[in-house]
Structure formats: C-alpha cells, structure tokens
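All remarks here apply to the structure that follows.
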Amino acid sequence: LYGDRRFQYDRCFPFIVFNQEQIRGSAQGGYLLTARRDFQSVSERILSLDRGALDSLIERSRLERYVRPETDDEKAWFELMSVVDYVSGHVRGLNTGRKYQRNEIRALIMAKGVPIFFITFAPADVKSPLCLYYCGEEIDLAQSMPVLRGGDARRRAIANNPVGAARFFDFLVKTFLRVILRAGTDEQGLFGRTESYYGTVE
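Be aware that the sequence shown starts at -11, since it is given in our numbering, and climbs by one per residue.
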C-alpha cells in the first residue's frame, strides 16, 4: 500500500487529473469523422458557415446548460454537428470511446458468437475487510473474521478514499477472471473453458 495517502484523500485531485488527461488526449489525437456519402457536403458547409454564429453558440453554452439555435446560421451549425463526430476514442469519458466499445463487441460476436453469460459485479465494499484495508483502515487480514468498525465509520472511510475502493474493485475483477473464469488459459473455469470475454465499467 501507499505510505502517503494525501492525494487519495483529496476530493478534488481525481477530477483535476482526469480533466487534464482528457485535455491532453484530445489535443494529441482528435479529428473529425463523417459518413463517406456526406463528405463533400460537409466539407463545403464547414468552409461556408458563419464563424460568428459558432462563437455565439460557444459563449452561450458557457452560461446556459442547454443551448437552442436561434438564427438560421446557428441552426446550420447544429445540422452540421448532427452528421459530424469529433473522434478521439483514446480519450476516456467521451461518446466516441463508447462507440468504439460497441464496435469491438460486434466484432467479438462475429468472431466468437453470441455471449453465453452476462455477469454483473456489485461488490459490497462496505462489508469487505480488503476494501476497508485499501481505504486505510487498520485491519488484520490474516484473521478469518477480522473485527470491523460500525457501518457509518466504514461508509465514511470508503467515501473519503475512493482510490482505495477503486483498487479493491480492480483486484476483485482481475481475481474473478483469473480464478473463476481461468481466462487466458486452457484450464476449465467454473463455467467451462473461457474462450473470450468483454468487460466494461459503468
């Protein structure tokens, strides 16, 4: 475990890091994507549309949560955005990344067939000594039934250290794949031999 958990306990640090990671990824690998049939018309519209209308939409979006086009030029920009995607699939948290995931799932189904099992994880982190240990609780994991603090104290410990809870979830999923499914090996798992699998995090 990490000896210094100051960044794990900081409530703003994960959001700042994630935001900077998105900015860095978008700046390094973003491009526009549209259907081949629309390429000619899209390229002509990009060159002909009013830049001032786009600036107006951007400025209003900073002040309002939902922006509606008010002029014909703004409507033209909305129509363009409906047929153009800003592609940056390697940037986590964007819609393009989810599109890539759906394409990967379709390709996996075409190659291996329809999935047989759909498994959902819902670990009870509040009741797990391992999760609480990751979150900084003083727990002796060598004991078969270690003594845990009250429910409120456990929930507070997990809420104050989301990094520890994330590490616990990562460990649980990898252990399930390795021990229960025997993924990546020729051995039989609990449900038979695992030929392939695909997992996402909500």
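All residues carry an ideal CB built from backbone N, CA and C; glycine is no exception.
Beta-carbon spacing of residue i, residue j below 8 Å
i     : j     : result
L120  : A145  : yes
L96   : W65   : no
G81   : R(-7) : no
I127  : P117  : yes
L37   : L68   : yes
F1    : F(-5) : yes
P111  : F159  : no
T173  : Q89   : no
F109  : V161  : yes
R155  : Y122  : yes
Y(-3) : N91   : no
L136  : R142  : yes
Identified DSSP bridge partners for residue i
i   : result
G81 : Partner(s): none; G81 has no beta bridge.
Assigned secondary structure, residue i (DSSP; H/G/I helix, E/B strand, else coil)
i     : result
G101  : coil
G13   : helix
G177  : strand
D61   : helix
A154  : helix
L96   : helix
R166  : helix
Q131  : coil
F109  : coil
N148  : helix
D(-2) : coil
C119  : helix
V161  : helix
D(-8) : coil
8 Å contact criterion, which residue i and residue j should meet: CB distance rounded
i    : j    : result
D113 : A147 : In fact, because the Cβ distance is near 10 Å, the residues do not count as touching under 8 Å.
D26  : V71  : 5 Å
R166 : T182 : In fact, because the Cβ distance is near 11 Å, the residues do not count as touching under 8 Å.
Y186 : I107 : Contact flag wrong, Cβ pair sits at about 11 Å.
Same chain, Cβ closer than 6 Å to residue i, five either side skipped, listed in chain order
i   : result
K63 : P57
D61 : D38, A41
Same chain, Cβ closer than 8 Å to residue i, neighbours up to 5 away in sequence not counted
i    : result
G177 : I168, L169, R170, A171
Q10  : V79, R80, G81, L82
Close-in-space but distant-in-sequence residues of the same chain around residue i (CB under 7 Å, 5 per side omitted)
i    : result
S184 : L96, K100
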